[in-house]
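Adding 14 to a residue's 1-based position in the sequence shown gives its number in our numbering.
Single-structure report; data block below.
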Amino acid sequence: MKAVVIRAHGGIDTLRLEEIPTPRPRPGQVLVHVRAVALNNLDVWARSGPPGGRPVYPWGRLALPLITGGDVAGVVEAVGPGATDLAPGDRVVVNPILSCGQCAWCLAGEQSMCTDYRIYGEHIPGGMAEYTVVPAANLLRVPDDVSLEHAAAAPVCFTTAWRGLMTAARLRAGEDLLVVGASGGVGTAALQIGRLAGARVLALVGGAGKAAKAAELGAVPIDRLTHPQFSAQVREITGSGVHVAIDPVGAATWPETMRSLRPGGRMAICGATGGERPDIDIREIYQRHRRILGAPMGSVSDFLMVMGLVFAGALVPVIHAVLPLAGIREAHRIFEAREHFGKIVLVP
15 MKAVVIRAHG
25 GIDTLRLEEI
35 PTPRPRPGQV
45 LVHVRAVALN
55 NLDVWARSGP
65 PGGRPVYPWG
75 RLALPLITGG
85 DVAGVVEAVG
95 PGATDLAPGD
105 RVVVNPILSC
115 GQCAWCLAGE
125 QSMCTDYRIY
135 GEHIPGGMAE
145 YTVVPAANLL
155 RVPDDVSLEH
165 AAAAPVCFTT
175 AWRGLMTAAR
185 LRAGEDLLVV
195 GASGGVGTAA
205 LQIGRLAGAR
215 VLALVGGAGK
225 AAKAAELGAV
235 PIDRLTHPQF
245 SAQVREITGS
255 GVHVAIDPVG
265 AATWPETMRS
275 LRPGGRMAIC
285 GATGGERPDI
295 DIREIYQRHR
305 RILGAPMGSV
315 SDFLMVMGLV
325 FAGALVPVIH
335 AVLPLAGIRE
345 AHRIFEAREH
355 FGKIVLVP
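Here is the structure:
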């Protein structure tokens with residue numbers, strides 16, 4: 015089969031489409047013929063190396079060589095012994111959350127808190143290939159009326175956004191929500207989830223073009239290029255600040271995001287694409303009763319909730335471009351240049 019194998023950190027020229035053996039499913043596993051795989055920050059970091067040279071995960075670096083790709087949808091090709099709930103021909107999407115299934119956190123349904131928490135496509139081979147092997151328990155059937163491109167564009171970003179907004183911050187109807195980095199995968203997901211929850215959504219983007227697209231999705235856009243101290247614009251719109259903010263960017267936006275919160279506001283943190291060491295005055299947190307909530311990815315129930323809403327058409331992943339797998343270098347270029355609004359999907 016053809017696969018994008020990352021053998022060393024570097025620029026996009028290190029990305030090569032290779033011919034490698036097709037894997038075989040072991041007991042409890044399923045061989046999936048990949049029809050769509052979406053790009054995430056972790057795919058780029060696996061290729062370029064973690065930002066600042068520090069490990070992406072507390073427990074260490076990713077092992078190379080690696081086939082990335084955690085957002086995957088396809089068709090079941092073969093099933094291993096014991097994988098009795100699926101059959102060849104089934105259309106499926108991958109739940110990228112991997113955990114031990116036995117610890118207290120897993121038994122409580124909080125898989126992302128598991129000490130053995132991992133991500134498919136980062137800690138085991140993923141779907142940036144024609145075929146991939148997946149634990150049967152991590153596959154969900156996709157209805158016939160849902161495209162596999164849209165199914166693949168949802169898991170990582172929509173699960174993360176749902177976890178941050180609904181499970182952690184408990185966003186309520188009538189509240190004001192600030193979505194930082196609203197043009198990315200998590201951002202476009204959070205924008206839609208916020209609207210669905212009945213919140214007024216303020217979308218922080220970079221540039222007039224992205225602002226217009228955010229407005230089309232029902233958000234009040236704020237252009238960070240013209241409003242670098244965007245908290246002032248947030249307060250001008252809301253009066254006293256937002257009830258909830260979700261920030262996948264990190265250090266580059268943290269201080270202004272914090273100042274955008276009203277007293278008692280909640281801030282969900284789900285990434286550090288713009289740096290992991292913010293310059294913040296902690297008095298802005300405790301003196302105004304603000305809360306910071308860590309929300310990486312989510313639980314199985316978070317995944318099932320958002321995928322159910324995607325399947326029902328209540329949430330629709332925004333797709334910026336669909337490229338062939340051979341266009342992997344162009345996909346990484348677009349992603350790193352931040353030219354996209356929504357997800358970039360590759361089709362093997």
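Even for Gly, the Cβ is constructed at its ideal location relative to N, Cα and C.
Own chain residues within Cβ distance below 7 Å of residue i, not counting five before or after
i           : result
residue 72  : In this prediction, residue 72 has a pLDDT of 49, which is less than 50 and means its spatial position is unreliable; nothing more can be read from the coordinates.
residue 267 : 194, 261, 288
residue 176 : 207, 312, 316, 319, 320
residue 336 : 163, 359, 361
residue 235 : 217, 219, 225, 228, 229
residue 332 : 202, 355, 356, 357
residue 350 : 58
residue 269 : 292, 293, 294
residue 33  : 16
Residue i: first and last residue of the uninterrupted alpha helix (DSSP H) it sits in
i           : result
residue 206 : 199 to 210
residue 346 : 342 to 350
residue 56  : 55 to 62
residue 170 : 169 to 176
residue 162 : 162 to 166
Sequence-distant residues of the same chain with beta carbon closer than 6 Å to residue i, five excluded per side
i           : result
residue 314 : 125
residue 141 : 48, 51, 83, 86
residue 209 : 215, 232
residue 88  : 46, 47, 48, 49
Per-residue DSSP class, three states only, for residue i
i           : result
residue 326 : coil
residue 293 : coil
residue 271 : helix
residue 72  : Annotation note: pLDDT 49 at residue 72 (below 50); position unreliable, no value reported.
residue 287 : coil
residue 81  : coil
residue 281 : strand
residue 185 : coil
residue 28  : helix
residue 99  : coil
residue 298 : helix
residue 131 : coil
Residue interval of the beta strand (DSSP E) (run including residue i)
i           : result
residue 93  : 85 to 93
residue 47  : 43 to 52
residue 334 : 333 to 338
residue 17  : 16 to 18
residue 121 : Premise fails: residue 121 lies in the alpha helix (DSSP H), 118 to 121, not in any beta strand (DSSP E).
residue 149 : 145 to 149
residue 302 : Counting along the chain, residue 302 falls outside any beta strand (DSSP E), and DSSP gives it neither H nor E.
residue 358 : 357 to 361
residue 156 : Residue 156 -> no beta strand (DSSP E), and no H or E assigned at all.
residue 190 : 190 to 193
residue 105 : 105 to 108
Cβ shell of residue i (< 8 Å), same chain only, five flanking positions each side left out
i           : result
residue 29  : 18, 20, 61, 342, 343, 346
residue 256 : 189, 190, 191, 192, 216, 248, 274, 275, 276, 279
residue 307 : 178, 182, 183, 280, 281, 282, 283
residue 129 : 114, 117, 119
residue 27  : 343
residue 329 : 168, 172, 203, 206, 207, 210, 320, 323
residue 152 : 108, 109, 110, 111, 112, 134
residue 79  : 19, 20, 21
*Would you be able to state if there are at least three C-beta pairs under 8 Å between the region 149 to 165 and the region 295 to 309?*
no
*Is there contact here, the region 242 to 256 with the region 213 to 221, by at least three beta-carbon pairs under 8 Å?*
yes
_the region 178 to 192 / the region 331 to 342 touching (three or more Cβ pairs under 8 Å)_ = no
*beta strand (DSSP E) runs contained entirely in the region 212 to 262, provided each spans 3 or more residues*: 214 to 219, 234 to 237, 256 to 261
_Closer than 8 Å is the cut-off here; do at least three beta carbon pairs connect the region 277 to 288 with the region 132 to 141?_
no
*Just checking, does the region 87 to 103 make contact with the region 29 to 45 on the three C-beta pairs under 8 Å criterion?*
yes
*Validate contact between the region 108 to 127 and the region 198 to 212 using beta carbons, cut 8 Å, 3 pairs*: no
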